[in-house]
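For reference, the structure discussed in these notes is given below.
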Amino acid sequence: MTMATNTTNRVDMGACRNPALNIRPDLARAATAITGPSVDDELVGPRGDWWWTGKHPTDCPGFDKAAGVLRSLPLPNLRNFTRQSVLDYFDNIWTLNEVLFASLQTTDAFIRQPYHQLRHPMMFYYGHTAVVYINKFRVAGVLEGPIDQYLEQLMETGVDEMSWDDLSRGRDDWPSVREVHAYRQKAYAVVRDIILNHPALDKKEVTWDDPAWALFLGFEHERIHLETSSVLIRELPLSSVRKPEFWPDYHPSSRTPSAPVPTKGVDYPANNLVSVRGGAVVLGKDMAYPSFGWDNEYGRKEIHVKPFSATQFKVTNGEFLQFVKAGGYMAPKYWSAEGWAWKTFRNVKWPTFWMPDGPQGLHKYKLRVLFDAVDMRWDWPVDVNYHEGRAFAAWRTEQDGSPVRYRLVTEAEHNLMRSTRDRVDAHLFAGPEEQAAAQAAGRAPSADETLSPDLAMQLTGDTALRGGPAGGFNLQLAYGSQSPVTELPPSEKGFYDVFGNAWEWGEDHYAAYPGFKVHPYYEDFSAPCFAGKHQLIFGGSFISTGQLASKFARYQFRPHFFQHATFRLVRSDVDLSQYDSARYGPHNPVNPFYETSCMDAAPPHVGDGPCCSASRRAAFTSTLVEDAASTKAKLEAAQIAYENDAILSQYLSLHYGPIDRVYPDLLRETGIIADALDFPRKLSDCLTSWAERCGLLSSQGEQQQEEASASGRSESESNNNSSTSRRALDLGCAVGRSSFELSRRFGEVVGVDISKTFVEVAGRMRDNGRLDYDCVLEGHVTERLTAALPAPAPAATASGQSGEQPLQPSRCRFLQGDACSLPPALGQFDAVLAANLLCRVPEPAACIAQIKASLRPGGVALLTSPFSWLEQYTDRSNWLGGGYRDGLPNRSADALKALVAPDFEVLEEGSMPLLIREHARKYQLINAHKLVLRRK
């Protein structure tokens, strides 16, 4: 009995968060999944002659007759071309694109949404490149009307998702393959006619402003999508694709068995660091250089690169396996917060193109290449995104015990790793006679392709692998896959695959060079991505053709996205004696400053990433000299911040009120509002209470008796073990109220503040007991209030019980100083108050160390802080928490407790609210964290 099979929808439409689960069908099933009669038969197996809307591959320029495959032609020289050479270049990419799309099997492969739902289905890209030719011709004035207005709108704009979870809803009304195929036929005819007949190509040279620029823009746009479409095809299920005829073969090693457990030095190379001295690099392409370039390539930026070391090879699958086996995907400490969120959302456990060949934990994998699964190639570069590369770098830093963090390469560093002729500023190394000859020919040396040759203009897919000045790179579809990292010769600096094989992720965000201009033919090609959200990639891949293979190429992707991209490790070479050795080392590696091309981009093309300015170095470890300068600057900033009448008025009202005048509408409130009133007094009460519980102070009644009998004893006798001999320190005392409150129970109170004005006002309050000040009602309207020390309470109650101890202002003295570095002559104290201070000092850890040094063993300290971290006062590298650590939120309260744990016992933790009046109708309600400590 024969059962009819309906194979119209042959593959599972379900998307999965883990791409490996979506591309690992049983290989035998995948090979036979497309069987039986179907309306899709013309899209199954080899394509018939109907498929080719331009030249057949065997008739196409770039066809390698010996191998029977189509490869790329070099990037055109816009000073030296004919209409025929332009037509050849167009036919080459048009047919290459159709060879690639011939891999898609059945309509489902065209309309299936990618597993990640971050891009359109392949149907869009099948029509998109043809549409862009027509639309850009119209913008440039080369073509008057549309071919199909509907398709030219539907397929005009691709997707640049904002985040890894910005999932597309997709659509279910895509046109058929035949409809888009018919459009491509018409578009091909239009483009061909323009190349052969339009007067725009009558000029001997095509430049940025010429209408013919749109033609070359279309060529290079299609080459971009040849590469990006190949990645989307690589992400499709195996049952949806097959290796098409005329596509270049994978590297020969793909056909050899591989070791299930690789050995370093045998199955993949040891990857040693190679040093680079550093030096100046001038980035940017001259507007008169005779090849097409995207607008982001132009401009000029000079960067002075510091010495660094980089791995001679790109990181291989064999190297990366060690990270996988070590649980690198399970350890948030290696990942950025964004990277960990992406990894968790996608449930990623190994690189996206590794296909498990057994149960999890066995670590046997096959490698997904474009259209097939092959034995894992341990010596090929690993395909990962930026997040994975950075996680590996963090893991390797730990594994190697490196005192300097590993990272990825920068744009300027990548230029220094190349051979001199392949640098973007190669013209600077030409001799005087060569430069003079270029100028005599009427062009600047930077615009001369002989002084600054571009391998993309010299290499074809047939010649790219050959040695010689321009050769030795897996580019221009020399192979249909990646290749071993050791196969081709290194640059003159000792680095392999600086071009080709796989792109390299960089640390630079995509940004404009000084002098950048938006090209009017493609206004949204670059500028929308200048926002600190895209990482640059360098060097091209095996499938990079034309301008993508150029030494000037600057492409970018969001850090979660996949391209045929890998990375190599880089380590800044620095003198470690420049850093605080007690703070940094293998246990806490330094992250030295390195300059990226995105820093200080010209407005309005400025990103908001962590490294967008050479002067804004929060992401980097500061040297001792920089620490000292920063501390000084932040102390001055803090001092200046409190040296004005408005702030003084706010603090006088907070400390002295009067409460019924400062908070007249809030006195009847309960809960947190009531708890927030009279904050300085409550600080003193809390610290005093704990000092009493810890035996540092007598009870109030006992203290009154001590003081009453003190007049009958000598000074030394009365001070021996009495409360009046106890000392308290008020760090960040402001205008002094808490210091005065502490004087009720402590024999000496020292108040310290960075503000000269605050210290002077506290002294006047001590000497005079009162001070008039202006309290803001609204705008410039104020009312005159009097700040006064609290009136003395009765000495005893009617029942004869002890009353409240009076203030003893004469016991207080006030000093202007740095809470992180007190004069040793102050000695030690029994109690220390640091109220809302930690997030307003340059080095909170140093402040904690100072509190420890100032406190006698057994002494108590009260620390409060809202943890309102601002780089104005504290470098981000010095914050206690307030960020992410090991990929997880690092809360300030936890960081503070961890810091004090070796030297202090936690007695109490909680909250202490306070209310600061700005004017009659605006208040700041702050719920500060409270920590009471006893020194061990």
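Note that UniProt numbering has the sequence shown beginning at 1, numbered continuously upward. Cβ atoms here follow ideal geometry from the backbone N, Cα and C, with glycine treated the same way.
So residue i and residue j are supposed to be a Cβ contact under 8 Å. How far apart are they, rounded?
{"i": "I916", "j": "L654", "result": "5 Å"}
{"i": "A109", "j": "S240", "result": "4 Å"}
{"i": "K136", "j": "Y555", "result": "About 19 Å; that fails the 8 Å criterion."}
{"i": "L822", "j": "Q850", "result": "6 Å"}
{"i": "V409", "j": "V191", "result": "Actually they are not in contact, since the Cβ atoms of V409 and V191 sit about 38 Å apart, beyond 8 Å."}
{"i": "A447", "j": "Y289", "result": "5 Å"}
{"i": "A200", "j": "A130", "result": "Contact flag wrong, Cβ pair sits at about 19 Å."}
{"i": "Q816", "j": "D753", "result": "7 Å"}
{"i": "D573", "j": "F308", "result": "6 Å"}
{"i": "K551", "j": "L455", "result": "7 Å"}
{"i": "A819", "j": "L837", "result": "6 Å"}
{"i": "W395", "j": "A502", "result": "That belief does not hold up - the Cβ atoms of W395 and A502 are roughly 20 Å apart, past 8 Å."}
{"i": "H427", "j": "P559", "result": "Rounded, the Cβ-Cβ distance is 33 Å, inconsistent with contact."}
{"i": "residue 938", "j": "P586", "result": "A query on residue 938 cannot be resolved here, the shown segment of the chain reaching from 1 to 936 and no further."}
Inspect the beta-carbon positions of residue i and residue j and report whether they are closer than 7 Å.
{"i": "A601", "j": "A531", "result": "no"}
{"i": "R770", "j": "T786", "result": "yes"}
{"i": "N92", "j": "P61", "result": "yes"}
{"i": "A478", "j": "L465", "result": "yes"}
{"i": "L70", "j": "L96", "result": "yes"}
{"i": "T316", "j": "V142", "result": "no"}
{"i": "P262", "j": "G318", "result": "yes"}
{"i": "R737", "j": "P680", "result": "yes"}
{"i": "V281", "j": "I303", "result": "yes"}
{"i": "F814", "j": "V761", "result": "no"}
{"i": "L151", "j": "Y183", "result": "yes"}
{"i": "S258", "j": "M417", "result": "no"}
{"i": "L283", "j": "K301", "result": "yes"}
{"i": "D379", "j": "F353", "result": "no"}
{"i": "M123", "j": "W50", "result": "no"}
{"i": "I672", "j": "L666", "result": "no"}
{"i": "T312", "j": "F495", "result": "Reading off the sequence, residue 312 comes out as Gln, not Thr. Contact flag set, yes."}
{"i": "F542", "j": "Q639", "result": "no"}
Keeping to the same chain, check which residues put their C-beta closer than 7 Å to that of residue i; ignore five residues upstream and five downstream.
{"i": "A337", "result": "Y884 and G887"}
{"i": "V518", "result": "D295 and A527"}
{"i": "E748", "result": "R727 and R811"}
{"i": "L855", "result": "Q828, F829, V832, A861 and R935"}
{"i": "A391", "result": "G328, Y334, W335 and G339"}
{"i": "S868", "result": "C839"}
Tell me the residue span of the beta strand (DSSP E) that contains residue i.
{"i": "H929", "result": "K922 to R935"}
{"i": "T864", "result": "L855 to S865"}
{"i": "W505", "result": "W503 to H509"}
{"i": "A375", "result": "As written in the sequence, residue 375 is Asp, which differs from the Ala given in the question. Element bounds for D375: A373 to D375."}
{"i": "S572", "result": "V570 to S572"}
{"i": "F345", "result": "Looking at the DSSP string, F345 is not in any beta strand (DSSP E); the run it does join, the alpha helix (DSSP H), is A337 to R346."}
Give me, in chain order, the residues of the same chain whose beta-carbon lies closer than 8 Å to that of residue i; leave out the 5 immediate sequence neighbours on both sides.
{"i": "D26", "result": "Confidence at D26 is low in this model, with a pLDDT of 47, below 50, so its placement is unreliable and the value that follows should be read with caution. Result list for D26: empty, nothing under 8 Å."}
{"i": "A646", "result": "V776"}
{"i": "N77", "result": "P290, S291, E449 and M457"}
{"i": "L624", "result": "Q578, Y579 and D580"}
{"i": "N274", "result": "Rather than Asn, the amino acid found at residue 274 in this sequence is Val. Within the same chain, V274 has close Cβ partners S309, A310, T311, Q312, K493, G494 and F495."}
{"i": "G293", "result": "K285, Q547, S550 and F552"}
Spatial neighbours of residue i within its chain, please: CB distance less than 6 Å, with the 5 preceding and 5 following residues excluded, ordered by chain position.
{"i": "E909", "result": "L931"}
{"i": "T397", "result": "R405, Y406 and P589"}
{"i": "R423", "result": "N415"}
{"i": "K634", "result": "P842 and Y873"}
{"i": "N927", "result": "S911 and P913"}
{"i": "R661", "result": "L785"}
{"i": "C212", "result": "A quick correction: the sequence has Ala, not Cys, at residue 212. So the qualifying residues of the chain are A200, L201 and V206."}
Identify the continuous alpha helix (DSSP H) that holds residue i and give its terminal residues.
{"i": "A893", "result": "S892 to V900"}
{"i": "residue 944", "result": "This structure does not reach residue 944, given that the chain is present from 1 up to 936, and the question cannot be answered."}
{"i": "Y126", "result": "M122 to A140"}
Name the DSSP bridge partner or partners of residue i?
{"i": "A788", "result": "R770"}
{"i": "D753", "result": "Q816"}
{"i": "E905", "result": "R934"}
{"i": "V832", "result": "L729 and A861"}
{"i": "Y365", "result": "P356"}
{"i": "Y268", "result": "K264"}
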